[in-house]
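Working notes, structure below.
As structure tokens, then:
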């Protein structure tokens, strides 16, 4: 089986639990605080690991306190990115989790989002058939280097999860990514706000016309809707007692990639991804333990 190239960030998630977000000028108390390994690319790669799918975590790790934390945490897991360490501080993600379990991210962006063209020469492209791509890296000026590498390898199946950055990316960059016919993964709010449509079905159809490939729109506890050429369906979700939603979307797309690589149909992949996302929602933080994953019995 060929590898999945996972392009994106690995960061320190500083998870801060509060009853609610403060109003401007208000003082509130933190209930508890933790720090863990996170970032869109890392979360996706960890789901591939659980499904035993071969992958390359193509993620810059910079300097400073957070860079040291990330590098040490990856080393403990036996993971090393082929990217040379850039001489720039690593950022982090402050994850504010309210009593409801909803999360708000405040990102300090650093070396983990910026890519250089020579780094791609480190890759054995013949060993890769799929690529995960996030929106944050494409928003940076260096995102053009990622785009050029992907354009040079039209045989790759790209999975593009732009997140809320879909409304902030420069139109020429976004249109160039769409021209690569990625499988697109968005949540309901992102799809509706970007397309200006009134329904998920209309939004997915509009996006499918742009990418000419499958569009997946996650709907939280209601499941996920997908649109592809000649077919569409709502795949029901799995009930979950919400602890927090950190990493649910990353784990969902990671599970979709894994199950499709294993030969599952899109409907089966989404059914399984919905179960994974529900388990992540019931877990504090973005990652599932191996014990929790095994209990899901895939």
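Residue numbers (our numbering): 10 to 307. Glycine included, every Cβ here is placed at the ideal spot set by N, Cα and C.
Short of 6 Å from the beta carbon of residue 28, and not among the five residues preceding or following it, lie these beta carbons of its own chain, in chain order: 108. Remark: fewer than three beta-carbon pairs, one from each stretch, lie closer than 8 Å, so the stretch 257-273 and the stretch 207-219 are not flagged as touching. Listed in chain order, the beta strand (DSSP E) runs fully inside the stretch 220-265 are 224-227, 233-237, 240-244, counting runs of at least 3 residues. Look at the beta carbons and you see the stretch 71-85 touching the stretch 38-48: at least three pairs across the two are nearer than 8 Å.
With contacts defined as CB atoms closer than 8 Å, residue 193 and residue 225 qualify as a contacting pair. Contact check for residue 134 against residue 162 passes: the beta carbons are separated by less than 8 Å. Bridge partners of residue 49 according to DSSP: none are assigned. In this structure residue 306 is exposed. Its beta-carbon is surrounded by fewer than 16 other beta-carbon atoms within 10 angstroms.
In this structure, the CA atom of residue 131 is about 14 Å from the CA atom of residue 15.
Going by DSSP, residue 283 is part of the alpha helix (DSSP H) stretching over 275-290. In chain order, 234, 235, 276 place their CB closer than 8 Å to the CB of residue 242, counting only its own chain and leaving out the 5 sequence neighbours on each side.
Going by DSSP, residue 154 is part of the alpha helix (DSSP H) stretching over 152-160.
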